[in-house]
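Numbering (our numbering) for the sequence shown: 46 to 153.
What follows is one structure encoded as structure tokens, with my remarks underneath.
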Amino acid sequence: MKFDLIVNAPMEPRVFRVVTVINGVPCISVTKLDTDNFPSETIKVYCGDGSGNATSQHETSEGLVQEIYEGDYVGVCSKRAEDFPATLNSFYVVAIRDNQVITKNAIL
46 MKFDLIVNAP
56 MEPRVFRVVT
66 VINGVPCISV
76 TKLDTDNFPS
86 ETIKVYCGDG
96 SGNATSQHET
106 SEGLVQEIYE
116 GDYVGVCSKR
126 AEDFPATLNS
136 FYVVAIRDNQ
146 VITKNAIL
């Protein structure tokens with residue numbers, strides 16, 4: 046059995062747009078969390094403060110969105126195509142301002 050996985054590539058900080066606010070909590074698009082501009086399938090997203098309590102996801106007119114808070118850890122597993130390795134990216138939310146979520150990569 047062969048299992049290919051690319052972890053944390055690219056390493057530069059990323060900025061995500063806040064697509065909606067639900068009950069006062071900013072949310073980002075789950076489908077925009079992959080690391081490149083190629084179409085990919087998001088397999089799993091985890092977001093939380095590290096205590097084991099994950100934040101909620103919601104289905105909206107913008108698609109699937111993830112609640113996000115400053116200090117959250119976010120882990121994203123996605124796959125571009127059957128013959129490509131899966132990608133695992135992880136980052137911390139360092140700030141939320143001006144409808145943008147600013148992150149830095151977490152080293153696994």
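All C-beta atoms in this analysis are idealised placements derived from N, C-alpha and C, irrespective of residue type, glycine included.
The model shown is predicted, which means the values in this text are computed figures rather than measured ones.
- The DSSP-derived three-state label of T100 is coil.
- The segment 86-141 contains, as complete beta strand (DSSP E) runs of 3+ residues, the segments 86-93, 102-105, 108-112, 118-124 (chain order).
- For the 9 angstroms CB-CB criterion, V66 and V90 do not form a contact.
- With a threshold of 16 other beta carbon atoms within 10 Å, I113 meets it and is buried.
- Between the alpha carbons of L133 and V60 lies a gap of roughly 17 angstroms.
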